[in-house]
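Asker: First the structure, then my questions, so here it is.
Given below as structure tokens:
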């Protein structure tokens, strides 16, 4: 973000920090050959969020298609 001269707000940093730091944490845990519990919890929550987002999008498209016919 600093590359584009945008000063991020603290709230924005709070939201995207886990996503930006995740590759570093995975690299470290791979080096130590041990994954901390909070990384596993983050992965599960991220997976559930992604699946929920996809399911919501599919439901929206299905409902929209049903209402248009």
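Numbering (the numbering used here), first residue to last: 46 to 114. For glycine and all other residues, C-beta sits at the position ideal for the given N, C-alpha and C.
Would the stretch 72 to 82 and the stretch 102 to 114 be scored as touching if the rule is three or more Cβ pairs under 8 Å?
Answerer: Touching, no.
Asker: Give the straight-line distance between the Cα atoms of residue 90 and residue 56, rounded to the nearest whole angstrom.
Answerer: 20 Å
Asker: Using only the heavy atoms of the ligand COA, determine whether one of them is closer than 7 Å to the beta carbon of residue 76.
Answerer: Only the bare structure without any ligand can be found here, which leaves the ligand COA out of the picture.
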